[in-house]
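Heads up: the structure comes next, in structure tokens.
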Amino acid sequence: MSSSLILQNLANSLSLGSLYALIAIGYTMVYGILRLINFAHGDIFMLGAYIAFYAVSMFLMPWYAGFVVAIGLTALFGILLERVAYRPLRDSPRISVMISAIGASFLIENLGIVIFGGRPKGFPVPDLFGTVVHLGSVSIVSVSLFIPVFTFAILAVLLWIVNHTKTGMAMRATSTDLDAARIMGIDVNRVVSFTFGVGSLLAALGGIMWTLKYPQLNPLMGIMPGLKCFIAAVIGGIGNIMGAVLGGFLLGFIEIMIVAFLPDLSGYRDAFAFVLLIVVLLVKPSGLLGKHQAEKV
Amino acid sequence: MKKVSAVLRVSAYVGLALATVLFLAACGGGNTKAAQSNVIKIGVFEPMTGANAAGGAMEVEGIKLANQLNPTVTIGGKEYKVELVVADNKSDKVEAANAAQRLVDQEKVTVVLGSWGSSLSMAAGPIVKDAKVPAIGLSCTNPLVTKGNDYYFRVCFIDPFQGTVMANYAFSQTKAKKAVIIREVSNDYSVGLAKFFADSFKKLTGDDKAILAELNYNTGDQDFSAQLTEAKSLNPDVIFAPGNYTESALVVKQARELGIKTPFLGGDTWETPEFIDVGKASVEGTVFSTFFATEVPITETSKIFLDAYRKQYSKEPAAVTALGFDGYLVALDALKRAGTTDGAKLRDAIAATKDFPGAAGMITLDANGDASKSAVIKTVKDGKFTYLTTVQPM
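First to last, the protein sequences are chains A and B.
Residue numbers for the first sequence follow numbering that gives the first Met the number 0, so the first one is 0 and each next one is one higher.
Residue numbers for the second sequence follow numbering that gives the first Met the number 0, so the first one is 0 and each next one is one higher.
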């Protein structure tokens with residue numbers, strides 16, 4: 000394979016990988032604090048994209064305002080979702096919350112079909128994000144240059160919050176032992192709401208970036224990316240923010256390279272992601288950067 | 000918790016049981032009601048949600064319009080009101096089987112119209128055959144929909160013909176000698192049409208290696224950068240991408256983003272407003288084959304259809320809407336000729352359809368239940384579908 004081909008495929012992998020990484024961070028954050036796999040994360044991602052679409056095309060906001068509004072509203076929605084679907088089950092077995100998450104996911108998807116309509120909508124991509132940039136022989140859309148920047152900026156900000164602020168300390172305490180944190184006087188409800196808010200904010204940002212890259216909205220658009228980013232988070236070590244980023248890039252890289260080097264198997268592209276999940280769970284269930292946490296008695 | 004008195008509990012259970020029985024009776028009763036009154040049910044088996052939603056919605060537009068203009072049918076001297084029952088197959092093969100089962104078992108429809116998407120029609124095939132309820136496909140072009148199934152018909156041409164239409168265009172108009180095919184491997188239509196195109200193109204160029212590569216993607220995929228990077232490296236004269244509009248718009252867009260300037264050719268599934276809405280400037284100049292062009296009305300029915308549609312929707316209809324319109328009319332015509340709603344006799348009446356003037360052309364069904372129709376080639380010009388030429392059937 001020629002070097003320009005390899006470079007183009009590398010650029011494609013980085014572009015896709017950084018998108019997966021961005022969304023996986025939100026997934027992993029919620030799991031880290033609540034031990035909850037928020038299956039509705041992909042649908043919050045979809046909501047962010049749709050709100051941005053309506054802000055720009057129906058309310059005719061300039062894109063920067065529309066995006067901020069979409070991210071803000073989606074973050075609020077995430078907090079509301081937690082309040083309504085997960086908090087009442089906080090003291091129930093973990094499986095109940097997981098089922099509630101699956102139910103919330105189906106509810107949001109089908110509400111989306113009813114409210115937004117089942118037919119896909121084209122997103123009006125602003126020129127800043129839609130221009131094709133040529134770096135030598137490699138062609139890349141400008142939004143693909145923004146995404147890794149956002150991903151790493153957010154990673155840095157989140158790591159700083161988690162490790163160097165009081166809120167972050169409260170988050171780490173809640174993650175270690177929720178009841179002990181409660182006893183120590185930490186307002187656990189506030190910490191959880193904050194986590195969900197941030198997680199949903201990231202999902203919305205991911206949704207908007209995704210739509211800028213693949214400008215086709217439909218109410219079920221969150222399912223596959225949600226699943227793939229869940230896989231990315233698990234591969235990297237679920238609960239670990241750095242792991243989510245690593246997992247995202249790894250998954251994007253594997254997906255693109257499989258299609259590039261084994262074009263006959265490109266129909267199995269999604270299957271590989273799931274096979275990878277199974278392999279990781281069998282060989283190193285805590286993921287690449289995860290630590291095996293013994294169940295505390 | 001306060002102990003609820005035994006009397007209260009028992010009454011609650013009895014009340015719940017009564018309510019359930021009444022509810023079930025009401026539901027069950029509804030089905031026999033239709034058979035007794037003068038109502039004929041026509042099942043509309045279409046994807047209203049999912050990847051094929053736009054195609055389904057457009058066909059339903061045509062069927063509903065025909066139903067508005069022809070709300071009743073006279074069978075054996077008695078006039079019946081025609082009621083449309085829509086069953087959403089959700090663009091999913093499994094759901095398609097469920098939806099078809101619902102139409103024939105619970106709704107007890109007399110005839111089924113649909114579906115957009117050959118895979119979905121094929122999923123319903125065994126069900127309508129077993130239930131002896133004839134089905135009329137509107138725009139599903141894969142030959143397997145009707146092959147070996149006496150109860151499935153269609154009012155459109157089939158892909159062995161459509162493949163040659165685009166292969167001819169590629170060879171004679173685009174002067175292409177080498178092509179790359181990008182197909183939706185989980186979609187029977189896409190795989191079938193790609194094969195017919197490949198066979199025809201190889202024959203026209205006399206070159207067995209005229210197809211440089213067949214690149215695959217799955218339904219629902221959004222990232223085609225790897226496949227397109229490969230296509231770019233092969234440097235073909237033309238790229239044939241007969242997939243659904245959902246993915247195809249993104250394929251063409253990403254191709255242009257990668258710097259691929261090769262002409263893109265496709266099939267009838269491209270003709271939806273979403274294709275241009277999502278693809279925007281990148282789909283300018285793409286060429287595809289389809290069933291009908293409003294610029295070229297073929298029969299008197301075409302004019303009736305166009306007038307009624309323009310009056311109601313104030314825009315131009317898609318080709319599959321005209322086919323939906325035709326499907327409904329063919330069903331009614333067959334009911335009249337059969338003089339009965341009996342499945343087997345109705346099937347025979349549909350099979351005998353000859354020189355029926357549809358909005359999208361004259362319909363004569365052959366031994367397989369397929370119609371021999373001309374194809375129309377369109378392109379995207381200035382953000383609109385524009386008619387290029389008509390190709391007569393072989």
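From the three backbone atoms N, C-alpha and C, an ideal C-beta is built for every residue, glycine too.
In this text the structure is predicted, and so the values were computed from the model without any measurement.
Contact list for B/Thr320 against chain A, beta-carbon separation under 9 Å:
Residue numbering aside, residue 320 of chain B sits at position 321 when the second sequence is read from its first letter. Residues of chain A passing the Cβ test: none, with the nearest at roughly 14 Å.
Just the chain B side, please: which residues come within less than 8 Å of A/Val142 by C-beta, in chain order?
By 1-based counting over the first sequence, the position of residue 142 of chain A is 143. The contacting residues do not exist; A/Val142 stays about 10 Å from chain B at best.
Could you round the C-beta distance between B/Asn37 and B/Lys80 to whole angstroms and report it? I think they count as a contact, below 8 Å.
Locating residue 37 of chain B in the second sequence gives position 38, counting from the first residue. Locating residue 80 of chain B in the second sequence gives position 81, counting from the first residue. Rounded, the Cβ-Cβ distance is 6 Å, consistent with contact.
Which residues in chain B sit within 7 Å of A/Leu13, going by Cβ to Cβ distance?
Start at 1 with the first residue of the first sequence, and residue 13 of chain A comes out as number 14. The premise fails here: A/Leu13 is roughly 11 Å from chain B at the closest Cβ pair, so nothing lies under 7 Å.
Put B/Phe53 into one of helix, strand or coil per three-state DSSP.
Within the second sequence, numbered from 1, the residue matching residue 53 of chain B stands at position 54. The residue asked about is misnamed: residue 53 of chain B is Ala in this sequence, not Phe. It is helical.
So is A/Gly213 in contact with chain B if we call contact Cβ pairs under 8 Å?
Your numbering for residue 213 of chain A matches position 214 in the first sequence. Just to set this straight, residue 213 of chain A is Tyr in the shown sequence, not Gly. Answer yes: the Cβ-Cβ gap between A/Tyr213 and chain B drops below 8 Å somewhere.
Using the beta-carbon count (16 or more within 10 Å), is B/Ile74 buried or exposed?
By one-based count along the second sequence, residue 74 of chain B stands at place 75. Flag for B/Ile74 reads buried.
Please classify B/Phe290: does DSSP put it in a helix, a strand, or coil?
In the second sequence, the residue the question calls residue 290 of chain B occupies position 291. B/Phe290 carries a coil assignment under DSSP once its states are collapsed to helix, strand and coil.
Under 8 Å between C-beta atoms, does A/Ala231 make it to chain B?
By one-based count along the first sequence, residue 231 of chain A stands at place 232. So, not an interface residue.
When burial is assigned at 16 or more other CB atoms within 10 Å of the CB, is A/Gly289 buried or exposed?
In the first sequence, the residue the question calls residue 289 of chain A occupies position 290. A/Gly289 should be labelled buried.
For B/Phe263, the three-state DSSP class (helix, strand or coil):
Indexing the second sequence from 1 puts residue 263 of chain B at position 264. Here B/Phe263 sits in strand by DSSP.
Does B/Asp325 have its Cβ less than 8 Å from a Cβ in chain A?
In the second sequence, the residue the question calls residue 325 of chain B occupies position 326. Judged by the 8 Å Cβ criterion, B/Asp325 is not in contact with chain A.
Proximal residues to A/Leu216 (C-beta, below 7 Å), its chain only, five neighbours per side dropped:
In the first sequence, residue 216 of chain A corresponds to position 217, counting from 1. Once the five neighbours on either side are set aside, the close Cβ partners of A/Leu216 are Ala48, Tyr49, Phe52, Pro119, Lys120, Phe122 and Thr210.
Would the beta-carbon of B/Thr271 fall within 8 Å of that of B/Met47?
In the second sequence, the residue the question calls residue 271 of chain B occupies position 272. In the second sequence, the residue the question calls residue 47 of chain B occupies position 48. For B/Thr271 and B/Met47, no; Cβs fall outside 8 Å.
For A/Gly286 and A/Phe252, I'd like the C-alpha separation in whole angstroms.
In the first sequence, the residue the question calls residue 286 of chain A occupies position 287. In the first sequence, the residue the question calls residue 252 of chain A occupies position 253. Using only the alpha carbons, I get a separation of about 17 Å.
Would you say A/Ile22 reaches chain B, if we count a Cβ-Cβ gap shorter than 8 Å as a contact?
As a working mapping, residue 22 of chain A is identified with position 23 in the first sequence. By this cut-off, A/Ile22 is not an interface position.
Report all residues from its chain with a CB closer than 6 Å to the CB of A/Val68; omit the five preceding and five following residues, and keep chain order.
What you label residue 68 of chain A is simply residue 69 of the first sequence in a count that begins at 1. Excluding residues within five positions, the ones whose Cβ falls inside 6 Å are Ala54.
Quick one: give me the first and last residue of the alpha helix (DSSP H) that A/Tyr53 is part of.
Taking the first residue of the first sequence as 1, we reach residue 53 of chain A at position 54. Residues His40 to Ser56.
A/Val131 touches chain B at which residues, Cβ-Cβ below 9 Å?
Taking the first sequence and counting its residues from 1, one reaches residue 131 of chain A at position 132. Within chain B, the residues near A/Val131 are Arg255, Glu256, Leu257 and Gly258.
With three or more C-beta pairs closer than 8 Å as the rule, is the segment 271 to 290 of chain B touching the segment 201 to 218 of chain B?
no
Using CA coordinates, which residue listed in B/Pro356, B/Ile157, B/Phe324 and B/Gly55 is at the minimum distance from B/Val85?
The residue labelled residue 85 of chain B in the question sits at position 86 within the second sequence. Comparing Cα positions, the closest option is B/Gly55.
Under the three-state DSSP convention, the category A/Gly167 falls into:
Here residue 167 of chain A corresponds to residue number 168 of the first sequence, with the count starting at 1. Looking at A/Gly167 - three-state DSSP - the assignment turns out to be helix.
Just to make sure I have the definition right: I need the residues of chain A whose C-beta is within less than 8 Å of the C-beta of B/Asp381. Which are they?
Residue mapping note: residue 381 of chain B aligns to position 382 of the second sequence, counting from 1. Going along chain A, no residue has its Cβ under 8 Å from B/Asp381, so there is no contact; the nearest lies around 17 Å.
Tell me the DSSP bridge mates of B/Arg182?
Position 183 of the second sequence, counting from 1, holds the residue named residue 182 of chain B. For B/Arg182, which the question treats as bridged, DSSP gives the partners B/Asn215.
For B/Lys383: DSSP bridge partner residues
Mapped onto the second sequence, residue 383 of chain B falls at position 384. B/Lys383 pairs with B/Lys380.
Could you pull the start and end residues of the alpha helix (DSSP H) that B/Thr204 belongs to?
Translated into positions along the second sequence, residue 204 of chain B becomes position 205. Here the alpha helix (DSSP H) through B/Thr204 covers Asp187 to Thr204.
If the cut-off is 8 Å on Cβ atoms, which residues from the segment 188 to 222 of chain B count as contacting chain A, listed in chain order?
Ala212, Leu214, Asn215, Tyr216, Asn217, Gly219, Asp220, Gln221 and Asp222
Please confirm whether B/Lys92 has its beta-carbon closer than 8 Å to some beta-carbon of chain A.
Position 93 of the second sequence, counting from 1, holds the residue named residue 92 of chain B. No, because no Cβ of chain A sits closer than 8 Å to the Cβ of B/Lys92.
Let's test the definition: count the other Cβ atoms within 10 Å of the Cβ of B/Leu257 and tell me whether it reaches 16, buried, or not, exposed.
Mapped onto the second sequence, residue 257 of chain B falls at position 258. Looking at its Cβ environment, which holds 16 or more other Cβ atoms inside 10 Å, B/Leu257 is buried.
Per-residue DSSP class, three states only, for A/Thr73:
Counting from 1 along the first sequence, the entry for residue 73 of chain A is found at position 74. It is helical.
Does DSSP put A/Gly16 in a helix, in a strand, or in coil?
Here residue 16 of chain A refers to the residue found at position 17 when the first sequence is read from its first residue. In this structure, A/Gly16 counts as helix in the three-state DSSP scheme.
DSSP three-state label for B/Ala240, please.
Start at 1 with the first residue of the second sequence, and residue 240 of chain B comes out as number 241. Shown here, B/Ala240 sits in coil according to DSSP, grouped into three states, outside any helix or strand.
Going by DSSP, name the residue or residues bridged to B/Met361.
As a working note, residue 361 of chain B is residue 362 in the second sequence. DSSP, once it has assigned bridges, lists B/Pro356 as partnering B/Met361.
Out of curiosity, what's the CA-to-CA distance linking A/Val233 and B/Gly278?
Reading the first sequence from its first residue, position 234 is the one you call residue 233 of chain A. Reading the second sequence from its first residue, position 279 is the one you call residue 278 of chain B. In a straight line, the C-alpha of A/Val233 is about 34 Å away from that of B/Gly278.
Segments assigned alpha helix (DSSP H), at least 4 residues, entirely inside the segment 100 to 133 of chain A:
Complete alpha helix (DSSP H) runs here, min 4: 126 to 129.
Can you give me the start and stop residues for the alpha helix (DSSP H) that A/Val83 sits inside?
As a working mapping, residue 83 of chain A is identified with position 84 in the first sequence. From DSSP, A/Val83 is part of no alpha helix (DSSP H); its letter is neither H nor E.
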